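The block underneath contains the structure these notes are about, expressed in structure tokens.
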DNA sequence: CCTCCAATTGAGCAATTGCTCAAATTTTAC
DNA sequence: GTAAAATTTGAGCAATTGCTCAATTGGAGG
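Chains as they are written, first to last, in my numbering: chain E, 703 to 900; chain S, 703 to 900.
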């Protein structure tokens with residue numbers, strides 16, 4: 703009971719995500735968050751407990767969006783490998799208007815947080831691992847569909863894809879060299895997704 | 703004249719590097735720096751101008767150390783490709799006691815800083831690009847020595863190596879899975895450093 | 001030994017931080 | 001309509017931030 707006239711939690715998460723993704727955890731102040739969400743501190747603290755609590759929920763919100771995007775890429779392409787390539791292209795080369803930063807928010811959090819904020823760090827690590835697990839399932843699907851050799855080491859290949867994704871996003875932020883990124887995505891998926899039988 | 707009893711600038715840089723590398727730019731306070739260097743604020747500000755000024759010099763100090771390490775790896779190995787692999791192994795799997803963080807400090811800075819700190823961001827970008835250029839020169843050397851095909855696209859391959867290095871370091875911080883990293887380094891250098899003719 | 005001046009000291013300022021809480025307001029239940 | 005409960009409000013606290021500067025120190029030149 704008594705739940706009307708409350709703010710829209712999803713909208714708040716969306717705006718908080720944008721801020722944290724752009725500025726990072728430490729460089730985003732609670733005042734920034736208050737202004738962006740048009741909420742007074744009490745409301746935020748009643749709903750999320752603390753700045754860390756809000757960030758934790760932001761990480762989950764972000765990860766869920768990425769999982770959904772990956773799934774959408776898979777359904778919109780005819781082959782599994784094509785779906786993975788579409789996901790790479792969309793994230794690295796697509797002009798996503800509400801992506802304020804080239805990097806993966808999870809990777810950015812893992813980079814920024816230290817062992818003193820272990821709860822948040824572990825949350826980011828676990829979400830990134832879960833996303834990597836999704837990669838592995840799709841790689842196995844590609845093997846079953848005959849898009850990849852039967853003796854493919856799918857765990858290894860999935861890890862390699864995640865390493866590439868993270869590396870390429872950092873490279874893009876460092877150089878803004880979209881052509882180079884496009885070329886590297888091509889090399890990843892074109893000749894064969896690397897010679898990765900075991 | 704009057705220069706005795708002054709602190710050792712290199713020692714200060716070393717200690718500041720450790721702090722910034724561990725905690726990042728924002729999460730390292732000037733008090734942390736004062737305590738670690740045993741200097742009073744006035745001395746630091748006389749020598750470096752500001753926290754940003756100190757960080758900028760730390761970035762350069764770090765980059766120079768990496769360049770020297772890479773060069774050392776090259777001279778200690780018989781082949782150029784072997785030298786590159788040794789560099790990867792040392793950074794990713796070596797137990798460097800004064801590396802307080804799995805990540806590259808330059809990549810960490812590029813991840814953390816936003817466009818509002820453009821001086822520092824550009825410095826980190828430029829130092830990372832210079833290190834990538836070193837990679838390219840060594841790849842070309844490997845081509846000349848016949849360790850790689852004559853038609854190797856050395857610019858592309860050097861970029862791919864840098865992407866791998868950054869991605870693998872983030873992966874290591876995210877998972878602590880040294881065996882997986884070892885396996886991926888193997889795949890990078892063993893069969894051929896990827897099928898990267900152009 | 002004294003003088004001079006660069007180097008060092010450390011108290012502390014102004015701004016910002018994450019967050020609290022009593023008071024005011026709005027919603028729900030009857 | 002009314003009272004109890006849930007929610008929102010915003011002033012502001014205690015701690016921390018990057019940094020300044022007048023006072024002090026101590027080595028070099030004479």
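Don't be surprised by glycine CBs; every beta carbon is placed ideally from N, CA and C.
This structure is a prediction, so every number in the text was calculated from the model and none was measured.
Proximity of residue i and residue j at Cβ, strictly below 7 Å
i, j, result
"residue 723 of chain E", "residue 802 of chain E", "yes"
"residue 843 of chain E", "residue 782 of chain E", "yes"
"residue 697 of chain S", "residue 868 of chain E", "Outside the displayed range of chain S (703 to 900) lies residue 697 of chain S, so it cannot be described from this structure."
Pairwise C-alpha distance: residue j and residue i
i, j, result
"residue 908 of chain S", "residue 840 of chain S", "With chain S covering only 703 through 900, there is no way to say anything about residue 908 of chain S."
"residue 827 of chain E", "residue 812 of chain E", "7 Å"
"residue 846 of chain S", "residue 836 of chain S", "15 Å"
"residue 891 of chain E", "residue 760 of chain S", "38 Å"
"residue 715 of chain S", "residue 747 of chain S", "14 Å"
"residue 810 of chain E", "residue 884 of chain E", "22 Å"
"residue 895 of chain E", "residue 859 of chain E", "Confidence at residue 895 of chain E is low in this model, with a pLDDT of 45, below 50, so its placement is unreliable and no value can be given for it."
"residue 888 of chain S", "residue 853 of chain E", "18 Å"
"residue 705 of chain S", "residue 736 of chain S", "Residue placement at residue 705 of chain S cannot be trusted, given a pLDDT of 47 that sits under 50; what the coordinates show is reported in the next sentence. Roughly 21 Å separates the two Cα atoms."
"residue 800 of chain E", "residue 791 of chain S", "38 Å"
Proximal residues to residue i (C-beta, below 8 Å), its chain only, five neighbours per side dropped
i, result
"residue 849 of chain E", "781, 782, 783"
"residue 738 of chain E", "717, 718, 720, 721"
"residue 777 of chain E", "785"
"residue 821 of chain S", "754, 758"
Member of the options whose CA lies at the smallest distance from the CA of residue i
i, options, result
"residue 721 of chain S", "S/891, S/757, S/709, S/748", "S/757"
"residue 754 of chain S", "S/792, S/719, S/887", "S/719"
"residue 752 of chain E", "E/770, E/768, E/769, E/731", "E/731"
"residue 767 of chain E", "E/884, E/860, E/793, E/736", "E/793"
"residue 710 of chain E", "E/740, E/734, E/725, E/726", "E/740"
"residue 818 of chain S", "E/715, E/796, E/800, E/726", "E/726"
"residue 786 of chain E", "E/810, E/744, E/838", "E/838"
"residue 749 of chain S", "S/771, S/734, S/712, S/773", "S/712"
"residue 880 of chain S", "S/771, S/772, S/797", "S/797"
"residue 742 of chain S", "S/769, S/888, S/708", "S/708"
Cβ-based neighbour list, residue i, same chain, cut-off 7 Å, excluding 5 preceding and 5 following
i, result
"residue 728 of chain E", "814"
"residue 866 of chain E", "890"
"residue 772 of chain S", "789, 836"
"residue 795 of chain E", "880, 883, 884"
"residue 806 of chain E", "868, 871"
"residue 769 of chain S", "833, 836"
Beta-carbon separation (whole angstroms), residue i vs residue j, contact threshold 8 Å
i, j, result
"residue 765 of chain E", "residue 833 of chain E", "6 Å"
"residue 870 of chain S", "residue 886 of chain S", "6 Å"
"residue 882 of chain S", "residue 861 of chain E", "6 Å"
Residues near residue i by beta carbon distance below 6 Å, same chain, minus five either side
i, result
"residue 823 of chain S", "815"
"residue 788 of chain E", "775, 779"
"residue 830 of chain S", "808"
"residue 744 of chain S", "none"
"residue 825 of chain E", "758, 761"
"residue 734 of chain E", "721"
"residue 804 of chain E", "871, 874, 875"
Any non-hydrogen atom of the ligand ZN closer than 6 Å to residue i Cβ
i, result
"residue 788 of chain E", "Only the bare structure without any ligand can be found here, which leaves the ligand ZN out of the picture."
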